[in-house]
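Each remark here refers to the structure printed beneath this line.
Number of protein chains: 2
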Amino acid sequence: MADQLRRITLARRPSGDPVPEDFALETGDLPNPGAGEVLVAVEHFSLDPYMRGRMDDARSYADPVPIGGTMTAQGVGRVVASNADGLSEGDRVTGMTGWASHAVLKASEARRIDDGVPPTSVLGVLGMPGFTGWYGLNDLGRPKAGETLVVAAATGPVGSMVGQLAKAAGLRTVAIAGGADKCALARDAFGFDAAIDHRAHDDARSLRAAIAEAAPDGVDIYFENVGGKVLEAVVPLMNTFGRIPVCGMVAWYGGVEESEDRLPMLWRSVLVKRMSVSGFIIADHWDRFDAFLSDVAPRVAKGEIDWREDVAEGLDHAPETFIRMLKGGNTGKQIMKI
Amino acid sequence: MADQLRRITLARRPSGDPVPEDFALETGDLPNPGAGEVLVAVEHFSLDPYMRGRMDDARSYADPVPIGGTMTAQGVGRVVASNADGLSEGDRVTGMTGWASHAVLKASEARRIDDGVPPTSVLGVLGMPGFTGWYGLNDLGRPKAGETLVVAAATGPVGSMVGQLAKAAGLRTVAIAGGADKCALARDAFGFDAAIDHRAHDDARSLRAAIAEAAPDGVDIYFENVGGKVLEAVVPLMNTFGRIPVCGMVAWYGGVEESEDRLPMLWRSVLVKRMSVSGFIIADHWDRFDAFLSDVAPRVAKGEIDWREDVAEGLDHAPETFIRMLKGGNTGKQIMKI
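Each protein sequence line maps, in turn, to chains A and B.
Each residue of the first sequence is one higher than the last, beginning at 16 in my numbering.
Each residue of the second sequence is one higher than the last, beginning at 16 in my numbering.
Now the structure itself:
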């Protein structure tokens, strides 16, 4: 057992945007799996915007990562020691490994991955991000053919799922993305009818004009994962009976830009346009995960639903990769390879 | 035909809070009912906060009142001339008469009122305001026994309906009202478990502390009809999976108080607490009106649901009464008697 456990811990709580000093790389002995547990050698783990929220000590839907605790993440790896029925050495599994080279998982919380499935796909298109897009669009967005959808972070694993599902359901789809390359990807790979580079628009008013041009019949569904300037731009364009599923607000995770009070503007739209705004956390809806896989996995296998990954290497590069991702520096699902 | 038509028109669009000069009293000849129409001598008409919105020229769910047009209102009166099958002179009917002594109504848009029903009740507890409270609470608030509800303008026709229905459904009910007298009325007549005088609290933080004390288990349903300081106070107290039906925001009809940007605060709660915010306009839901009457009219007849009216006299006093109502100067459903 020359192997050592290496893991990234939370060294201190960030003030605003995270910086490398907020994290620490720690090493130690490999843990031993207890009864009903397995030791997993992590091959890949996922980086997601929601992890920024776990770094704060605020009341939220999940407990914060404690200072000195391993950063939370879903990972994929091979079982290297098993103390559980039904899982053997060499099995590939996924579970909440954290940002770590190895993790002990309860067998009940590890899901085996079949050989035919690309291992990293369970972190993205067929995992929590894809499920988030599928659930929020279908159950809360209630898409109808002929309507118009807007989604930001449109080349990410949530946004690209939302856009492709909506397009297949007969909606006009408008992508918001950062930079010309991502806009091209949104149109070419993910089939968006229009793509708008938010970096080309300094303020909400300018961005709104661009969205209005791309959505001449108004916006029926705004799938919300960013908040900030995009939200401010879209709200006045919403149609009567519009729906806003809310699964994230990455623009506000590190703080809030200066602005006048935008709450009355939103509230007026909610009333006048009879809008539905629905916050959701995908972890509440695992009972729908089988339905998601039944619907989406065959479409992914047939190539009808495309996805992109951005794979960075080396556990010690996870903090800087995470920081870069929060600023939109990745293209596609951000994954760390150990 | 010594009678003249008298009506209150919109003289100009208000800037902020309406003032008497925004209205005009005009007189003219009585109109003649065309085929399928009746002429109604109005006995009472309703004043409601939504009318403030109709005075603006903004895009909204209903067309604005044009300059020189009669102010919109539901009224009750007697048919004095009929040119329609099924309605005769002397019948009491309700319909959209406007702020006027007489109105021509299509028979299809006039509803006959049976003799046993108190005429003004169709403007309040058994009319649009009561229906608004019933629909918003049941269909969007989805009340469950043991939960806690907060509603503002709690002695008004919407708030008092919401509070009594929620109490009967086994919820803890918290009233927000303006002044000690209304708070006493909320508790004594409408059965609220607690009543908070918003005038005793200068800012949202102070009001929030009072609501928190009255709602020790948090707030599951905030029935929104005021916006402003009350909304800001309640949002952080909302429980996970809380619901906010939004039917009005009277605090913001005349303008917005100074504040920092409260949108991120709301948005964070929507996400973290998986809240549902649902704007609604009761006019979209007339298909549920019979269900409302079947449920509520017998309970009103039995005295299980109480209501209060504030009847002012004289068409020419309608503007000042309306202005007073927008500032909370009335107690119970505001009605004008001609």
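Each residue gets a CB set at the ideal place from its N, CA and C atoms; glycine is no exception.
No experiment lies behind these values; they were computed from the predicted model shown.
Taken through DSSP and simplified to helix, strand or coil, A/Asn153 comes out as helix. B/Ala118 is not a Cβ neighbour of B/Glu52, given a cutoff of 7 Å. Identification of chain A residues near B/Asp299 by a Cβ-Cβ cut-off of 7 Å yields Arg289, ordered along the chain.
At least one beta carbon of chain A lies nearer than 7 Å to the beta carbon of B/Leu278. Look at B/Leu281: its C-beta is under 7 Å from a C-beta on chain A. Around the beta-carbon of A/Ile23, 16 or more other beta-carbon atoms lie within 10 Å, marking it buried. Comparing alpha carbon positions, the residue from B/Asn153, B/Lys121 and B/Pro35 closest to B/Phe295 is B/Asn153. In the DSSP assignment, A/Tyr237 falls within the beta strand (DSSP E) that extends over Val234 to Phe238.
In this structure B/Ile82 is exposed. Its beta-carbon is surrounded by fewer than 16 other beta-carbon atoms within 10 angstroms. Going by DSSP, A/Phe337 is part of the alpha helix (DSSP H) stretching over Ala333 to Leu341. In the structure shown, the three-state DSSP call for A/Asp203 is helix.
Selection A/Val140, A/Pro251 and A/Val94 evaluated against A/Asp63 yields A/Val140 as nearest (Cα-Cα). For a cut-off of 8 Å, the C-beta gap from B/Gly257 to B/Met290 is around 5 Å, short enough to register as a contact. For A/Trp322, the closest Cβ of chain B is not nearer than 7 Å.
By alpha-carbon distance to A/Ala192, the top candidate from A/Ile211, A/Asp331, A/His59 and A/Gly90 is A/Ile211. B/Pro48 is positioned such that its CB atom lies no closer than 7 Å to that of B/Asp37. Against chain A, the CB of B/Gly242 has a partner CB under 7 Å away; the residue lies at that interface. Counting along the chain, A/Pro313 sits inside the alpha helix (DSSP H) bounded by residues Phe304 to Ala316.
In this structure the stretch 132-152 of chain B lies against the stretch 298-313 of chain B, because at least three pairs of beta carbons, one per stretch, are closer than 8 Å. A/Lys352 carries a strand assignment under DSSP once its states are collapsed to helix, strand and coil. Judged by their CB atoms, B/Leu278 and A/Leu278 are nearer to each other than the 7 Å cut-off. Looking at A/Tyr237, A/Thr346 and A/Gln349, the one whose alpha-carbon comes closest to that of A/Leu155 is A/Tyr237.
Taken through DSSP and simplified to helix, strand or coil, A/Thr163 comes out as strand. DSSP lists A/Arg21 as the beta-bridge partner residues of A/Thr42. B/Ala39 is positioned such that its CB atom lies no closer than 7 Å to that of B/Ser61. Of all residues in the stretch 27-54 of chain A, none comes within less than 8 Å of chain B when Cβ atoms are compared.
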